[in-house]
Structures are given as structure tokens and as C-alpha cells.
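These notes concern the structure reproduced below.
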Amino acid sequence: MTTVTYNFEVADEQHTQHIAQQLANALKKVANQGVVVHLEGDLGAGKTTFSRYFIQTLGHSGTVKSPTYTLVEPYELGEVNVYHFDLYRLADPEELEFMGIRDYFGDNTVCLVEWPERGGALLASADITITIKLEENVRCFTLTADSKTGTGILAAAFADAE
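Mapping of the sequence shown onto the working numbering: residues 219 to 380, in sequence order.
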């Protein structure tokens with residue numbers, strides 16, 4: 219598989235919102251397959267802000283809160299369930315086994331996973347990895363396809379960005 223990567227310099231929250239909306243709209247077409255998105259970046263990089271706009275674009279009209287203390291926040295959005303994970307406070311990947319982590323990954327689900335490196339081998343592989351880095355006054359987003367599904371989603375979302 220050829221690796222597909224898109225890079226964006228984001229100067230404001232509206233641009234973050236735009237990227238999240240484009241990705242979510244493209245993903246709607248394949249969400250029945252199940253999609254896993256890993257979100258990487260330091261504290262305060264913008265992972266939860268991105269997730270909020272992404273989840274709202276998929277159809278959630280309420281507040282999107284950070285699952286820092288609950289580990290996962292579920293959103294039942296009609297034909298698709300979105301699970302927003304924040305593994306920052308995870309002490310041991312084995313904790314995921316106790317919460318039934320494998321049950322979250324499947325058809326008709328979208329799993330957004332912040333701090334995926336803390337989940338180890340118990341997490342499903344990513345279809346898309348989003349890395350956010352703060353550099354001076356901008357956030358640098360790198361979106362990388364990690365599967366054939368991820369490649370299709372990124373191409374549909376950002377083909378005009380090339």
C-alpha cells in the first residue's frame with residue numbers, strides 16, 4: 219500500500235473545524251465498515267477540539283466533552299456509533315481489556331483515539347493517524363492513511379488540497 223499523507227498549517231480554530239468537517243463528511247460514506255482514527259500530539263495540541271468538530275459534523279448536536287476521566291464517551295448517531303477515547307490517564311493497557319475494548323471496534327463504528335500509544339497492542343490498528351504539532355503560532359496537522367479504507371477517506375476529503 220502506498221502511504222498517503224496530507225499536511226496542513228492551521229492558524230485558527232476555524233481551520234481546524236474545516237479539516238474536521240471535511241474528514242467527517244468523507245468518512246460518512248464508509249462508516250458502515252468501521253473506521254479507527256488515532257490522534258497524536260502533545261497536551262493542548264488540539265486533539266479534543268478536532269474531535270468535537272468531527273463528532274458534531276457526524277450528527278451530534280450536544281456538547282462534546284473530553285473523555286479524560288471516563289476513558290471513552292459514546293455517541294449514538296443513527297446509523298453509526300462514535301466512540302471518543304482519551305487514553306492519557308491510562309495506567310496500564312490491560313485496563314482496556316477490563317472495559318471490553320474489543321467490543322468498540324467493528325462495523326458501523328467510528329473510534330477516535332487520543333493518546334493511542336498508551337493503549338499498546340490492545341487497540342485496533344488505525345485507518346487514519348492524525349498528528350498535531352504546535353509550531354510557533356500555527357498547528358501543523360499531518361493526516362496519514364494507514365489502510366486502504368483510510369486512503370479512500372483521505373482522498374475523498376482532501377483530493378482538492380493537492
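No residue lacks a Cβ here, since even glycine has one placed at the ideal position from N, Cα and C.
Beta-carbon within less than 7 Å of residue i's beta-carbon, same chain only, minus the 5 sequence neighbours each way: which residues are those?
i	result
residue 367	248, 251, 253 and 345
residue 376	224 and 240
residue 296	277
By Cβ distance, which residues of its chain are closer than 8 Å to residue i, with the 5 residues on each side in sequence left out?
i	result
residue 325	250, 251 and 252
residue 301	290, 291, 292, 293, 322, 327, 328, 329 and 330
If you reduce the DSSP assignment to three classes, tell me which class residue i lands in.
i	result
residue 361	strand
residue 246	coil
residue 223	strand
residue 263	coil
Mind checking which residues open and close the alpha helix (DSSP H) that includes residue i?
i	result
residue 369	366 to 376
Across which residues does DSSP place residue i in a beta bridge pair?
i	result
residue 257	332 and 348
residue 231	According to DSSP, residue 231 bridges with nothing at all.
residue 353	356
Please go through the same chain and pick out, in chain order, the residues whose beta-carbon is closer than 6 Å to the beta-carbon of residue i, but skip the five residues on each side of it.
i	result
residue 347	256, 362 and 364
residue 222	363, 369 and 372
residue 299	327
residue 229	356
residue 309	none
Alpha helix (DSSP H) runs contained entirely in the segment 270 to 345, provided each spans 4 or more residues:
Every alpha helix (DSSP H) of 4 residues or more that sits fully in the segment 270 to 345 is shown, in chain order, as 312 to 316.
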